[in-house]
Amino acid sequence: MLLFSVAPVFGIGLYSHSSADDYSYGTQTRAVWVDTHNVIEVLKEAGRKVRTIYLEWQGSYAAVALFALQPAVFGEQFYPLTTFIILGLFLFSVFYFFRKVVKRVFHGDGRIADLVSGVALLLSIQMLPSPVEGFFWWNGASYYVIFYSLMLIQLANLSAIIWEDKCNLKQLTGLLALAVFISGGNYISALLTAELTAFLLIYALYKRKKVSRKAALVMLVTIVLFLVNCLAPGNAVRQSSFEAWPPVRAVLYSFHEAYHYMVEWTSPLVIAGMLFLFPFLCRIPVKSKLRDIWSLGAVLGLEFSVFASSFTPTLYAYGGAGAGRIQNIRYFLWILICIAGEFTVICTVRGIAGSCENENQITAYLKNTYLKDMYSKYAVSYFIMVVLMAAFFAGNSILADDTQDMVCVSAAKSLLSGEARQYDREAKARLKKLLGEESVVVLEPYSSVPEVLRSQDITKDSTDWVNTAAARFYRKEEVRVGE
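Counting in the numbering used here, the sequence shown runs from 162 upward without gaps.
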């Protein structure tokens with residue numbers, strides 16, 4: 162099912178083209194590549210770009226390096242690699258995360274981990290708030306999806322070494338390298354990494370783990386490099402363009418925003434996905450210490466607070482939730498929070514059952530007889546009901562032509578109708594003009610653009626910032642779209 166659903170997404174990615182900030186951040190590196198065809202010189206120029214932007218605009222040093230090395234720097238024909246790199250890494254990171262956590266932390270079945278990963282990915286990809294900024298536009302997608310994916314890998318690895326209480330030099334080096342890189346990315350992923358690393362460190366210290374010092378070193382590097390990012394001189398320059406909120410107001414209002422998007426993103430399909438996962442999450446072995454309703458409330462509250470904290474950076478910086486690319490990783494996070502919350506409820510029920518008086522009789526009966534009998538009798542009916550429920554809501558979305566909510570459907574329609582191919586032909590015709598000898602280039606407007614590839618385009622106004630960025634990228638005096 163997952164492979165079938167992502168095939169159109171990869172397919173339409175073959176027709177993606179650079180736009181907007183792809184031009185502005187890639188201008189100097191493309192110029193060096195065109196003049197020298199020397200990769201080392203391109204990397205040096207990317208380093209100079211990082212330094213300039215750090216001092217003049219933003220502190221996200223690792224992200225700016227990625228921006229400067231966008232695929233079209235080496236030729237527009239390489240830009241479709243965007244989808245394969247971004248979506249490929251996201252797919253890998255989710256499978257990696259659940260495999261590590263389920264197998265290494267809870268000693269569960271790898272097949273259950275893969276199934277949970279598949280459902281999480283289906284919900285995350287197909288219901289994405291902004292598909293173009295998630296998988297098809299390098300600048301926006303690399304800034305958020307790449308760093309979110311690396312965050313999952315980092316947290317999975319750190320969890321595994323703490324639970325197993327073993328960490329060799331190779332593992333520590335990997336953790337430190339990822340800490341340096343993630344801390345130089347977007348502020349939401351960096352903040353979440355710092356928060357969750359702190360939780361894991363506290364757990365390690367509480368359990369007197371031998372790897373506590375190494376975990377503390379990872380925490381220290383994460384915090385220090387995050388501060389290097391946050392305290393960049395360029396951030397002050399950029400911040401002057403916005404009206405910042407007081408920190409306390411930003412934190413408090415984060416919970417309001419989190420509640421709003423919790424309601425919006427907990428769609429019938431997400432509920433169906435959680436119902437589908439319930440029997441499988443029940444089969445993950447865990448000795449639960451959650452044995453009362455207060456413990457359950459505290460853990461669920463903590464999980465919701467982690468989700469709420471993802472809104473704080475943008476509220477503090479400019480008083481809003483932010484663009485679609487930012488919402489994408491919050492939506493990814495919400496799917497994980499839903500799965501974690503469901504698992505927390507299951508663990509609490511187990512803990513309460515295990516704390517009953519007559520534990521030997523009641524718990525043994527529930528675990529070994531009753532639940533198994535119920536599962537064997539009603540499993541088929543249960544899954545048929547859940548699948549039909551999901552099919553009903555997905556089908557309703559398709560019939561209503563509400564394709565923005567279903568990424569694979571929107572992509573498939575654009576591919577089958579020929580819209581994507583027509584857009585690609587027109588984009589290549591534009592490129593031919595941009596690579597020509599004329600210093601003033603007038604482009605034809607697109608006749609149609611696939612919904613999932615619709616991004617900020619060159620306009621009729623040659624002074625528009627996208628136009629001027631494209632002109633610099635292709636070494637033109639002026640670029641605009643004709644009437």
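All C-beta atoms in this analysis are idealised placements derived from N, C-alpha and C, irrespective of residue type, glycine included. Note that the structure is predicted; figures quoted are calculated from it, not measured.
Proximity to residue i [Cα-Cα], best of the options
i, options, result
"threonine 244", "Asn300, Lys371, Leu204 and Val262", "Asn300"
"tryptophan 406", "Thr473, Thr505 and Leu604", "Thr473"
"aspartate 625", "Glu612, Glu639 and Leu614", "Glu639"
"valine 602", "Thr620, Ala338 and Phe308", "Thr620"
"proline 606", "Gly597, Phe439, Asp622 and Val613", "Asp622"
"alanine 229", "Cys391, Val200 and Ser542", "Val200"
"serine 401", "Ala478, Tyr367 and Ala338", "Ala478"
"lysine 637", "Lys594, Val610, Gly643 and Gln617", "Lys594"
"valine 306", "Gln488, Arg615 and Ser616", "Gln488"
"alanine 590", "Ser578, Ser575, Ser291 and Ser608", "Ser608"
"alanine 376", "Tyr414, Leu336 and Asn396", "Leu336"
"serine 470", "Trp495, Arg633, Ala632 and Leu457", "Trp495"
"leucine 289", "Phe493, Glu580 and Thr509", "Phe493"
"alanine 551", "Pro446, Leu284, Leu250 and Leu592", "Leu284"
"aspartate 326", "Leu362, Gly345 and Phe296", "Leu362"
"serine 291", "Asp196, Met567, Ala359 and Ala365", "Met567"
"tyrosine 414", "Thr475, Leu497 and Ser278", "Thr475"
"leucine 463", "Lys448, Gly434 and Ile498", "Ile498"
"tyrosine 222", "Thr334, Lys368 and Leu392", "Leu392"
"glycine 480", "Ser428, Pro408 and Arg369", "Pro408"
C-beta contact flag for residue i and residue j at 8 Å
i, j, result
"glutamate 206", "glutamine 189", "yes"
"valine 341", "valine 379", "no"
"glutamate 294", "glycine 172", "no"
"leucine 282", "leucine 163", "yes"
"serine 373", "phenylalanine 308", "no"
"alanine 419", "phenylalanine 465", "yes"
"lysine 450", "glycine 512", "yes"
"asparagine 347", "alanine 224", "yes"
"leucine 438", "valine 548", "no"
"tyrosine 584", "leucine 614", "yes"
"valine 170", "phenylalanine 296", "yes"
"leucine 311", "isoleucine 273", "no"
"valine 447", "cysteine 508", "yes"
"valine 167", "isoleucine 286", "yes"
"valine 642", "leucine 604", "yes"
Cβ neighbours of residue i in the same chain (closer than 8 Å, five flanking residues each side left out)
i, result
"glycine 208", "Ala226"
"valine 234", "Gly187, Thr190, Arg191, Trp194 and Val203"
"glutamine 617", "Ser180, Ala181 and Val627"
"leucine 313", "Ser254, Val255, Tyr257 and Phe258"
Check: residue i C-beta below 7 Å from any heavy atom of the ligand FMN
i, result
"valine 262", "With respect to the ligand FMN, the structure shown offers nothing to examine, as it has no ligands at all."
Beta-carbon contacts of residue i that lie in its chain and below 6 Å, excluding the five residues immediately before and after
i, result
"glutamate 580", "Ser609 and Pro611"
"alanine 631", "Tyr184, Ile619 and Val640"
"proline 241", "Gly174, Leu175 and Ser177"
"phenylalanine 416", "Ala469"
Close beta carbons around residue i, own chain, < 7 Å, minus the five adjacent residues each side
i, result
"threonine 564", "The predicted position of threonine 564 is uncertain, since its pLDDT is 47 and thus under 50; a value taken from the coordinates is nonetheless stated next. Contacts found: Val570, Ser571, Lys574 and Glu612."
"lysine 371", "Asp326"
"glutamate 518", "Residue placement at glutamate 518 is poorly supported in this model, since its pLDDT is 48, which falls under 50; the coordinates still yield a value, given next. Cβ within range, chain order: n/a, list empty."
"leucine 436", "Val547"
Worksheet item: Which parts of the segment 567-627 are runs of the alpha helix (DSSP H), unbroken and 4 residues or longer, counting only runs that do not cross its ends?
Response: 568-578 and 580-595
Fill in: Meets three-Cβ-pair contact criterion under 8 Å: the segment 377-387 and the segment 353-360
yes
Worksheet item: Is there contact between the segment 172-184 and the segment 208-221, where contact requires at least three CB pairs shorter than 8 Å?
Response: no
Discussion item. Taking 8 Å as the cut-off, does the segment 434-449 touch the segment 502-509 (at least 3 CB pairs, one atom from each stretch)?
Written reply: yes
Item to complete: Determine, using beta-carbon pairs with one atom in the segment 252-268 and one in the segment 315-330, whether at least three such pairs fall under 8 Å.
Response: yes
Practice prompt. Pick out the complete alpha helix (DSSP H) segments inside the segment 277-335, 4 residues or longer, and give them in chain order.
Written response: Runs found: 299-302 and 308-325.
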